[in-house]
Structure formats: structure tokens, C-alpha cells
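Asker:
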């Protein structure tokens with residue numbers, strides 16, 4: 001994160017003289033308090049400075065990379081999850097292939113008659129099933145799906161970066177966001193590699209707007 005020259009000077013002043021009030025910072029820079037206010041707000045919001053009422057500004061001692069890491073770790077699954085694409089266990093492989101391409105997703109989540117998560121279908125699963133002289137309309141997806149408990153899941157309050165680690169470690173395209181229900185798990189969302197990419201793009205865009 002690149003700070004402006006004035007913002008860098010403010011950080012140095014606070015580092016050397018904190019706690020220090022906004023008025024005293026303005027005096028040192030020969031600026032009005034109103035002129036300085038947006039810079040102080042940005043530096044405080046970004047985490048470089050900490051403001052305490054009737055005391056002044058403190059330098060947090062954190063680098064830009066440390067602040068960026070802290071911000072990333074605060075991202076929660078529920079802030080970025082998207083609508084899950086769900087199919088029933090008795091749906092045919094042919095219909096699942098049609099669904100995965102019509103919905104333009106990499107993963108389908110399979111549920112039973114009680115809407116409990118029972119399996120996951122990836123593009124690779126469907127591709128393997130389609131090889132050969134099989135009648136895909138006669139094969140139900142529960143024959144080829146990855147079953148519970150061999151499925152990675154996440155919950156709404158989980159940190160997004162932990163889900164990113166799961167995607168990388170397991171080399172999968174997405175995981176279901178689930179809610180605990182009696183006798184099973186209900187699928188309430190999904191997190192994918194695309195989700196993670198969008199989160200980082202938003203982070204960079206937000207950073208550019210403020211700095």
C-alpha cells in the first residue's frame with residue numbers, strides 16, 4: 001500500500017511524538033486541521049495509526065504488509081459465499097453434466113430427500129463417468145459422487161483464507177457452506193476459487209481507492 005508523501009510525514013510525526021493530537025500534527029505540517037482530517041481518517045482506518053479520544057494519535061508499529069494480512073484474515077465466508085447448485089442423489093449423470101454446464105460451475109452438491117448433504121460432484125467426476133460406452137441417463141449420481149465424510153465443508157463464520165487453504169491443499173474447485181441440522185448438514189452456500197479471486201480483487205480495488 002503506497003502512502004502519499006503527506007501521509008508518510010504524518011506517520012513519522014506520530015511515531016516520534018505520539019500520543020499527539022490532530023491539532024499538533026497540523027501545526028507541525030503548517031496545515032489546517034480540516035485539511036489534515038481525511039489523511040488521519042485514512043491512516044486510522046487502514047491501521048497505521050490508532051486514535052484515542054482526548055488523548056491523540058498513536059503509531060501502531062505495523063507495516064503495510066502486516067496490516068494487509070490482518071485485513072485478509074478478517075474476511076468471513078458469509079461475506080463472499082454464493083448460491084449453491086444442488087442436485088438430488090437420484091439425478092442421472094447425464095442431467096448432472098447438463099446442469100454443471102448450464103450453471104457454469106465446477107462443482108455440484110448432492111443432497112438426499114431430507115436436503116442433507118451426502119456428496120459432491122466435480123467436473124472431473126463427470127468426465128470420468130462419461131468415458132466409455134455407458135448410458136449416462138441410466139446412472140444416478142450417487143454411484144460416482146464423492147461421499148460424506150470425505151468432503152471438505154465450511155461454515156458462515158469461518159475465515160475465508162482457511163477455505164482458500166483447503167482448496168489449495170485438496171486441489172478442488174469449491175466447498176459447500178453448510179449449516180448444522182438435525183441428522184445432517186444443510187447446504188446454504190458455496191465458496192470457490194473464483195470467490196477467492198473476487199475477494200482479492202475487491203481488496204486491491206478498495207486499497208487503491210484509499211491510497
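Residue numbers (UniProt numbering): 1 to 211. Built from N, CA and C at the ideal position, the CB exists for glycine as well.
1. Using DSSP's beta-bridge definition, name the partner residues of residue 116.
2. Would you kindly check if the distance between the Cβ of residue 29 and the Cβ of residue 15 is under 8 Å?
3. Let me make sure I understand the geometry here. Which of 188, 173, 168 and 131 has the alpha-carbon closest to that of residue 155?
4. Whose C-beta lies closer than 8 Å to the C-beta of residue 20 among residues of the same chain, with five residues either side of it excluded?
5. Does the separation of the CB atoms of residue 166 and residue 178 fall below 8 Å?
6. List the DSSP bridge partners of residue 192.
7. Below 8 Å CB to CB, which residues in the same chain sit around residue 212 once its five sequence neighbours on both sides are set aside?
8. Excluding the 5 residues flanking residue 116 on each side, which residues of the same chain have their C-beta closer than 8 Å to its C-beta?
9. Kindly provide the ranges of any alpha helix (DSSP H) runs that are 4 or more residues long and lie completely inside the stretch 24 to 73, ordered along the chain.
10. Closer than 6 Å by C-beta to residue 164: which residues in its own chain qualify, once you throw out the five before and the five after it? Chain order, please.
11. Less than 8 Å between the beta carbons of residue 141 and residue 121, yes or no?
12. Secondary structure at residue 156, three-state DSSP: helix, strand or coil?
13. If you run the structure through DSSP and keep just helix, strand and coil, what is residue 134?
14. Can you give me the Cβ contacts of residue 208 inside the same chain, cut-off strictly under 7 Å, excluding the 5 residues immediately before and after it?
15. For a test of the three-state rule: what should DSSP assign to residue 201, helix, strand or coil?
16. Please classify residue 210 as buried or exposed, where buried requires at least 16 neighbouring CB atoms within 10 angstroms.
17. What would DSSP say about residue 87, mapped onto helix, strand or coil?
18. In three-state terms, what does DSSP make of residue 207?
19. Would residue 86 pass as an interface residue toward chain C - the criterion being a Cβ-Cβ separation below 8 Å?
20. So who's on the other strand from residue 180, going by DSSP bridges?
21. Grab the span of the beta strand (DSSP E) containing residue 109 for me, first residue to last.
22. What did DSSP end up calling residue 3 once you bin it into helix, strand or coil?
Answerer: The answer reads as follows:
1. Paired residues: 186.
2. no
3. 188
4. 13, 14, 56 and 57
5. no
6. 174
7. As shown, the chain starts at 1 and ends at 211. That puts residue 212 outside it, with no answer to give.
8. 181, 183, 184, 185 and 186
9. Counting whole runs of 4 or more residues, the stretch 24 to 73 contains the alpha helix (DSSP H) stretches 33 to 46.
10. 196
11. yes
12. coil
13. coil
14. Any reading at residue 208 needs caution, since the residue's pLDDT is 42, under 50, leaving its predicted position unreliable; the model's value is listed next. Excluding sequence neighbours, residue 208 sits near nothing in its chain.
15. helix
16. The predicted position of residue 210 is uncertain, since its pLDDT is 41 and thus under 50; no value can be drawn from it.
17. strand
18. Caution applies to residue 207, whose pLDDT of 45 falls short of 50 and renders its modelled position unreliable; the value that the coordinates give is listed next. DSSP places residue 207 in helix when its eight states are reduced to three.
19. Chain labels in this structure do not include chain C; a single protein chain is all it has.
20. 185
21. 107 to 111
22. coil
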